[in-house]
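Following my numbering, the numbering of the sequence shown begins with 3 at its first residue and continues without gaps.
For each residue, glycine too, the CB sits at the ideal point set by N, CA and C.
Okay, so here's the structure we're looking at.
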Amino acid sequence: MTQEQATLEDQAIERLVHLHSGRATAADRQAFAHWSQLSDAHRAAAQGAQSLWDDLPQTEAARHFVPPAPRRTRRRLLTVALAASLAIVVVGGALLDPLVTLRADHVTTVGERRQLHLQDGSQLWLNSASAVAIDYSPGSRTVRLLKGEALFDVAKDATRPFIVQAGDGSVRAVGTRFDVDLHARHTDVVVSEGIVEVTSGKQTAVRLVAGQGVTYQAGQPLGALRQVDAQDSTAWQRGKLIFNRRPLGEVLAELERHLPGKLHLTDDALRGLRISGVFELDDPQAALRTLEQTQPLSITRLPLLTLIRPKP
């Protein structure tokens with residue numbers, strides 16, 4: 003983009019933001035329509051600004067926010083729009099729920115992964131943006147996964163079962179290695195070694211062995227047991243993400259937990275696009291660049307949001 007094009011796009015965005023501020027008049031709308039027809043470059047700038055605006059996942063309130071200052075750069079305008087639309091709090095580089103933080107014994111921020119050595123000899127790895135609370139007693143070992151994902155390598159103790167509570171269910175083990183991934187509406191369990199029992203709600207426990215996974219969610223029957231590649235599912239513990247024909251929507255969800263802000267796919271038709279690859283978690287932006295280079299995708303990076311759109 004040339005400097006002239008960038009300047010025109012800045013102007014187009016500023017005019018468009020004003021039109022959505024709730025203060026615009028009919029004359030303002032006519033002036034924007036006239037401005038956008040002054041030349042092909044003006045027309046392209048207006049279309050580009052409108053495309054960016056349409057792709058923002060905004061609430062209705064955010065579409066009518068009032069800009070804060072008379073002098074605004076393109077990046078500042080988009081930052082304000084995104085802050086209004088996302089309604090998120092950024093704390094120390096991570097998107098944190100204060101209530102979760104208060105209840106947790108251990109928390110990781112966005113992009114951080116941590117290994118914990120528990121008092122019984124068990125080990126626990128916390129994925130990015132995750133939180134756990136630990137409650138050990140003479141008769142039991144309980145870990146509550148409050149947010150995110152954790153991998154457990156459990157020391158054997160037949161007298162004290164090891165229980166992980168996550169969402170509406172729990173995972174019970176004696177000596178084994180397994181992964182629990184807590185999502186907003188469901189929880190995934192994958193077993194790498196040994197045997198675990200998974201319970202959700204009042205349902206009968208289901209037994210999983212190495213190489214099996216299951217999904218559960220509140221108020222629903224336990225999902226069917228499925229065969230999984232546990233090495234791929236737990237690759238994050240080794241600093242990698244491995245995908246074998248995974249839907250793009252799932253790939254972006256995995257990448258998002260390692261990046262500040264949000265990844266927004268503007269076209270749901272792309273969610274099923276199959277993706278394969280190995281990506282390094284130390285540079286998640288490189289994964290996005292690879293997707294843009296190898297798939298029919300166009301990526302626009304903004305301060306708190308990355309837009310993934312079909313390539314024109």
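DSSP has residue i in a bridge; who is on the other side?
{"i": "G327", "result": "With the chain represented from 3 up to 314, any question about residue 327 goes unanswered, as that position is not in the structure."}
{"i": "D190", "result": "D183 and T217"}
{"i": "S38", "result": "The partner list for S38 (beta bridge, DSSP) is empty, contrary to what the question assumes."}
{"i": "S139", "result": "S142"}
{"i": "E199", "result": "R174 and R209"}
{"i": "V166", "result": "V145 and V173"}
{"i": "R248", "result": "I277"}
{"i": "D155", "result": "Q125 and R179"}
{"i": "I310", "result": "L267 and I301"}
{"i": "R291", "result": "Its beta-bridge partners do not exist; DSSP assigns none."}
{"i": "K242", "result": "E282"}
{"i": "A133", "result": "V109 and K149"}
{"i": "Q229", "result": "Q214"}
{"i": "Q117", "result": "W127"}
Which same chain residues, not among the five before or five after residue i, have their C-beta less than 7 angstroms away from its C-beta?
{"i": "F245", "result": "V253, I277, S278 and G279"}
{"i": "F34", "result": "R17 and L21"}
{"i": "Q229", "result": "G213 and Q214"}
{"i": "W37", "result": "R17 and H44"}
{"i": "R187", "result": "Q219"}
{"i": "Q39", "result": "R45"}
Relative to the alpha-carbon of residue i, which residue among the options has its alpha-carbon at the smallest distance?
{"i": "R303", "options": "L290, V156 and V182", "result": "L290"}
{"i": "V134", "options": "A26, E151 and S142", "result": "E151"}
{"i": "S130", "options": "I136, A35, H36 and H260", "result": "H260"}
{"i": "L307", "options": "T292, G274 and G263", "result": "G263"}
{"i": "D137", "options": "T111, L128, L224 and D107", "result": "D107"}
{"i": "D159", "options": "T144, V145 and G177", "result": "G177"}
{"i": "T9", "options": "D30, A35 and A46", "result": "A46"}
{"i": "L275", "options": "A28, V173 and L293", "result": "L293"}
{"i": "P179", "options": "G196, S172, D190 and Q297", "result": "Note that residue 179 is Arg in the sequence shown here, rather than Pro. Comparing Cα-Cα distances from R179 to each of G196, S172, D190 and Q297, the minimum goes to G196."}
{"i": "T111", "options": "L128, S38 and Q121", "result": "L128"}
{"i": "L272", "options": "Q295, V145 and L299", "result": "L299"}
{"i": "F154", "options": "R116, P312 and H188", "result": "R116"}
{"i": "D234", "options": "D270, D269, L227 and F281", "result": "F281"}
{"i": "D285", "options": "H36, D190, Q229 and G113", "result": "G113"}
{"i": "S124", "options": "E6, F164 and D42", "result": "F164"}
{"i": "Q334", "options": "S139, A43 and S132", "result": "Examination of residue 334 is not possible in this model, given that the chain is present from 3 through 314 alone."}
{"i": "T236", "options": "L126, R187, A186 and I301", "result": "L126"}
{"i": "S132", "options": "S41, T296 and V109", "result": "V109"}
Do residue j and residue i come within 7 angstroms of each other at the CB atom, strictly closer than that value?
{"i": "L148", "j": "R105", "result": "yes"}
{"i": "S202", "j": "D170", "result": "yes"}
{"i": "L267", "j": "I310", "result": "yes"}
{"i": "G215", "j": "V192", "result": "yes"}
{"i": "V166", "j": "V182", "result": "yes"}
{"i": "S194", "j": "A226", "result": "no"}
{"i": "V173", "j": "V145", "result": "no"}
{"i": "Q205", "j": "L224", "result": "yes"}
{"i": "E256", "j": "L265", "result": "no"}
{"i": "P314", "j": "D269", "result": "no"}
{"i": "A168", "j": "T189", "result": "yes"}
Compare the C-beta of residue i with all C-beta atoms of chain B and state if any pair is closer than 7 angstroms.
{"i": "Q287", "result": "Looking at the structure shown, chain B is missing, and only one protein chain is on hand."}
Tell me which residues share the same chain as residue i and place their Cβ nearer than 6 angstroms to its Cβ, disregarding the 5 neighbours each side in the sequence.
{"i": "V82", "result": "Because V82 sits at a pLDDT of 48, beneath the cut-off of 50, its placement in the model cannot be relied upon, and the following sentence gives the value as read from the coordinates. Nothing meets the Cβ criterion."}
{"i": "R162", "result": "S142 and R143"}
{"i": "V102", "result": "A133, L148 and K149"}
{"i": "E62", "result": "Low confidence applies here, because E62 scores a pLDDT of 42, under 50, leaving its location unreliable; read the following figure in that light. Once the five neighbours on either side are set aside, E62 has no close Cβ partner at all."}
Between residue i and the rest of its own chain, which residues show a CB-CB distance below 8 angstroms, the 5 nearest in sequence each way excluded?
{"i": "A288", "result": "F281 and E282"}
{"i": "R247", "result": "R276, I277 and S278"}
{"i": "E6", "result": "A43"}
Practice task
Taking 8 angstroms as the threshold, find out whether the region 209 to 219 comes into contact with the region 249 to 268 through three or more Cβ pairs.
Solution key: no
Practice task
Evaluate the contact criterion for the region 13 to 21 versus the region 39 to 53: three or more CB pairs, one atom per stretch, below 8 angstroms.
Solution key: yes
Exercise for the section: Would you be able to state if there are at least three C-beta pairs under 8 angstroms between the region 201 to 214 and the region 233 to 247? Expected result: no
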